[in-house]
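One structure below.
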Amino acid sequence: MTRRLLLSYLSLAALVLACLEIPLGFVYSRSERERVVNAAKDEAESVSAYASLSLSAGRAARDLPRRVVHCAERIGGKVVIVDASGTLLATSHPLPAEMSSSLASRPGIAAALHGTSTVDVRTSTIGGVEYLSVAGPVRHATGLQGAVWLTLPTRTVHERVHHVWLLLGLGGLGVLTAVAVVGFAIARWAGRPIRALERATDELAGGGLAAPVTITKGPPEVRRLAAAFNRTAARLAQLLAAQHAFAGEASHQLKTPLAALRLRLENLEPSVAVRGRASLTAAVTETDRLSRMVEGLLAMARLEESAATPGPVDVGAICAERHRTWQPLFGRQRVSLVLFAGSVGPVLAVPGAVEQIVDNLLSNALRVSPPDSTVTMELRLHMPARRALRDARPAWVDLHITDEGPGMTPEQRARAFDRFWRAPGAPKGGTGLGLSLVQRLAHASGGEASLHAGAAGGLDAVIRLPSAQPPREGHGPGADRPGQRKRGLPALQS
Numbered sequence: 183m184t185r186r187l188l189l190s191y192l193s194l195a196a197l198v199l200a201c202l203e204i205p206l207g208f209v210y211s212r213s214e215r216e217r218v219v220n221a222a223k224d225e226a227e228s229v230s231a232y233a234s235l236s237l238s239a240g241r242a243a244r245d246l247p248r249r250v251v252h253c254a255e256r257i258g259g260k261v262v263i264v265d266a267s268g269t270l271l272a273t274s275h276p277l278p279a280e281m282s283s284s285l286a287s288r289p290g291i292a293a294a295l296h297g298t299s300t301v302d303v304r305t306s307t308i309g310g311v312e313y314l315s316v317a318g319p320v321r322h323a324t325g326l327q328g329a330v331w332l333t334l335p336t337r338t339v340h341e342r343v344h345h346v347w348l349l350l351g352l353g354g355l356g357v358l359t360a361v362a363v364v365g366f367a368i369a370r371w372a373g374r375p376i377r378a379l380e381r382a383t384d385e386l387a388g389g390g391l392a393a394p395v396t397i398t399k400g401p402p403e404v405r406r407l408a409a410a411f412n413r414t415a416a417r418l419a420q421l422l423a424a425q426h427a428f429a430g431e432a433s434h435q436l437k438t439p440l441a442a443l444r445l446r447l448e449n450l451e452p453s454v455a456v457r458g459r460a461s462l463t464a465a466v467t468e469t470d471r472l473s474r475m476v477e478g479l480l481a482m483a484r485l486e487e488s489a490a491t492p493g494p495v496d497v498g499a500i501c502a503e504r505h506r507t508w509q510p511l512f513g514r515q516r517v518s519l520v521l522f523a524g525s526v527g528p529v530l531a532v533p534g535a536v537e538q539i540v541d542n543l544l545s546n547a548l549r550v551s552p553p554d555s556t557v558t559m560e561l562r563l564h565m566p567a568r569r570a571l572r573d574a575r576p577a578w579v580d581l582h583i584t585d586e587g588p589g590m591t592p593e594q595r596a597r598a599f600d601r602f603w604r605a606p607g608a609p610k611g612g613t614g615l616g617l618s619l620v621q622r623l624a625h626a627s628g629g630e631a632s633l634h635a636g637a638a639g640g641l642d643a644v645i646r647l648p649s650a651q652p653p654r655e656g657h658g659p660g661a662d663r664p665g666q667r668k669r670g671l672p673a674l675q676s
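Each residue of the sequence shown is one higher than the one before, starting from 183 at the first, in this note's numbering.
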């Protein structure tokens with residue numbers, strides 16, 4: 183922000199200086215040129231009047247040479263006087279013979295011999311005078327008696343104009359320097375509180391509790407903005423704390439009544455007639471579902487409160503351990519649970535996240551899998567294509583849990599991670615919180631959760647987690663191709 187403010191100040195100052203100094207320079211150059219031209223005209227008229235008197239008095243041969251030399255020394259130029267026929271009468275400097283004989287053919291002298299005064303001015307690109315020649319007629323009552331031709335050196339005028347342009351440039355540079363110093367101080371003064379607000383906003387957006395921003399300097403608008411931000415941050419922290427506390431306390435308070443309700447329903451079983459057993463069983467099932475929903479809410483509340491930092495986790499060992507734990511339950515439902523194990527290395531995940539992810543996905547897969555079907559657990563390592571010797575792009579590990587159930591439509595897969603959402607026709611007993619918790623755990627670990635259509639018509643749940651080990655030499659596009667199963671990996675089957 184400081185650089186942008188300073189650039190805007192300098193751009194505005196440079197624009198103002200350009201609008202002022204460039205016209206001023208050209209105006210001075212034009213006035214200096216006009217002054218020199220007018221002075222040359224006056225001098226030519228003075229010499230012409232003196233020559234007219236000398237010619238009339240018959241003293242031209244005696245007075246004119248002395249006069250033109252004196253005039254040339256005074257103006258620092260050259261003076262030439264010719265008679266009506268173009269013959270040289272007097273000159274302030276020696277002329278070559280061929281030039282003396284051709285004076286009458288020069289444009290300025292020829293025009294003066296016809297009674298017209300001429301001025302030939304050549305200027306430089308910035309308005310300075312580079313060449314000045316003035317020719318005027320020598321008049322008398324009887325008619326034209328000759329012409330006067332003056333040439334003036336303009337180096338002094340040219341240097342004076344360049345000197346003025348240099349002074350204007352140095353003055354503009356000095357003004358820009360002063361504007362830069364003052365503008366930098368103003369930009370720092372205005373940008374310091376905004377940078378403090380930016381740091382506090384980044385901290386709040388990252389999930390932390392932003393400390394109050396103390397701003398006593400800066401524009402009044404920024405100070406009011408800081409005060410509003412402090413109130414907003416405090417209110418947001420209060421609301422989040424109240425929400426977390428309510429979710430945790432409500433979940434804890436509901437667990438005990440639900441356990442007591444289930445116990446009472448089970449105690450009623452001997453006293454219920456046969457025709458009421460179905461209703462009692464449905465009530466016990468709904469009580470279990472409500473208990474699982476409370477457990478899911480409590481897990482989400484703990485996840486939001488902990489905000490743990492991801493660390494290295496042996497995902498292969500966790501998958502093998504959860505495979506052994508779930509294998510008897512799958513066998514009881516006549517569903518095969520297969521694990522394709524391989525060396526994928528550790529992944530980065532928050533503590534306990536991988537276990538909860540695998541348990542939720544396996545529970546969902548078991549609920550929708552028909553008898554004599556297969557649920558597959560597979561780990562795949564994705565190494566980035568190395569385009570340079572020092573490629574720091576991370577590797578990823580994908581955990582696939584695939585079932586052979588009814589699957590979901592694309593619209594249903596897009597909504598599956600919403601809280602409390604359940605697919606139409608889903609088996610009873612679900613709470614609609616499992617996949618939402620899976621997604622939150624994956625995001626907290628720096629990964630992603632997604633659902634895809636399975637090859638056998640079921641659902642392929644993919645959890646992508648960042649690998650905890652950097653890419654090794656030899657790992658490239660051909661080492662471990664994404665989406666391909668490693669050959670030779672042992673398959674564990676229930």
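All C-beta atoms in this analysis are idealised placements derived from N, C-alpha and C, irrespective of residue type, glycine included.
Under 8 Å, do residue 347 and residue 262 count as touching if we go by C-beta distance?
no
DSSP-derived helix/strand/coil call for residue 347
helix
Between the Cα of residue 681 and those of 520, 562 and 615, spot the shortest distance and give me the residue it belongs to.
The chain is shown from 183 up to 676; residue 681 falls before or after that span and cannot be answered.
Below 8 Å, how does it come out for the stretch 622-641 and the stretch 524-540: are there three or more Cβ pairs, yes or no?
yes
For residue 211 and residue 343, I'd like the C-alpha separation in whole angstroms.
6 Å
Which of the three DSSP states, helix, strand or coil, is assigned to residue 257?
helix
Does residue 273 pass the burial test, meaning 16 or more other C-beta atoms within 10 Å, or should it be called exposed?
buried
With DSSP collapsed to three states, give me the class of residue 494.
strand
Where do the ends of the beta strand (DSSP E) carrying residue 648 lie?
641-648
Excluding the 5 residues flanking residue 580 on each side, which residues of the same chain have their C-beta closer than 6 Å to its C-beta?
562, 644 and 646
For residue 371, three-class secondary structure by DSSP:
helix
Cβ shell of residue 680 (< 7 Å), same chain only, five flanking positions each side left out:
The structure shown does not extend to residue 680, since the chain spans only 183 to 676, so no value can be given for it.
With a cut-off of 8 Å on the beta carbons, I'd call residue 254 and residue 295 a contact; round off their distance for me.
Actually they do not touch by this definition, with Cβ atoms about 21 Å apart.
Based on the DSSP output, what are the partners of residue 635 in its beta bridges?
641
Unbroken alpha helix (DSSP H) runs of length 4 or more, entirely within the stretch 257-287: which are they?
279-283
Is it right to say residue 493 is buried, meaning 16 or more other beta carbons lie within 10 angstroms of its own, or is it exposed?
exposed
Do residue 519 and residue 550 count as a contact pair if the criterion is CB distance below 8 Å?
no
With a threshold of 8 Å, are at least 3 pairs of Cβ atoms found where one atom belongs to the stretch 358-376 and the other to the stretch 191-207?
yes
Straight-line Cα distance separating residue 495 from residue 547
24 Å
Quick check on residue 522: does DSSP put it in helix, strand or coil?
strand
Compute the Euclidean distance between the alpha carbons of residue 215 and residue 248, then round it to the nearest angstrom.
29 Å
Drop a sphere of 10 angstroms on the beta-carbon of residue 382, count the other beta-carbons inside from all chains shown, and report buried for 16 or more, exposed for fewer.
buried
If I'm right that residue 320 touches residue 226 with Cβ under 8 Å, what's the distance once you round it to whole angstroms?
No, residue 320 and residue 226 are not in contact; Cβ-Cβ is about 10 Å, not under 8 Å.
Secondary structure of residue 314, DSSP reduced to three states:
strand
Coil, strand or helix - residue 454 by DSSP
coil
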